[in-house]
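Numbering (my numbering), first residue to last: 39 to 212.
Even glycine gets a Cβ: it sits at the ideal position worked out from N, Cα and C.
To start, the structure itself, in structure tokens.
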């Protein structure tokens, strides 16, 4: 048991090192990114920023969105851990998680004809129309079987098929 405990401690230490190397501190990354962007902006104002610097600035401007996603993941993981630890006893926490998910899963508006619209009635109408079109049945000619005659079994044949002797024959054959 002692060996397992020591191995788990080593795994924990390695996970912490890996986490620091791969993800670093998501809160500090934002500050570093802002400083780099400000430096590049200053060089751009001075006129000494080349095309490579502008490309670096574009990539750095996209980084805050990725960093924000990482922050949300960390918060979500901590919330789950807290939920597992405290369970149903923490109803305030439970309701805050439910509220957070409701806000995250909802949306306030959508693009209508290339313009952002937040009017609830317009959004409801557009969503309803979208799903009606998406799931409406396309009118296709249906195959009619009115003129096709099928073979039927007679009552005597039916009795033979459902009789217990038939079951015994099948068991015997198997």
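- The beta carbon of residue 98 sits closer than 8 Å to those of 71, 74, 75 and 78, all from its chain and outside the five residues before and after it, given in chain order.
- Cα atoms of residue 158 and residue 149: separation of roughly 13 Å, rounded to the nearest angstrom.
- Annotation: residue 184 to residue 190 spans about 16 Å, alpha carbon to alpha carbon.
- For the alpha helix (DSSP H) assignment, the uninterrupted runs of no fewer than 4 residues enclosed by the stretch 59-94 are, from N- to C-terminal side, 64-84.
- For residue 188, no alpha helix (DSSP H) segment is defined, and its DSSP state is neither H nor E.
- Pairing residue 64 with residue 109 gives a Cβ-Cβ distance under 7 Å.
- Shown here, residue 150 sits in a strand according to DSSP, grouped into three states.
- The C-alpha of residue 166 lies about 52 Å from the C-alpha of residue 85.
- Note on residue 105: 16 or more other CB atoms within 10 angstroms of its CB, so buried under the neighbour-count rule.
- Of the candidates 151, 137, 192 and 142, the residue whose Cα lies closest to the Cα of residue 164 is 151.
- Membership of residue 173 in the alpha helix (DSSP H) is indicated by the continuous run 158-173.
- Distance from residue 147 to residue 156 at the Cβ level is roughly 4 Å; contact confirmed, criterion being Cβ atoms closer than 8 Å.
- Our two residues, residue 139 and residue 133, have alpha carbons roughly 10 Å apart in a direct line.
- Looking at the backbone, the Cα of residue 162 and that of residue 176 are separated by about 23 Å.
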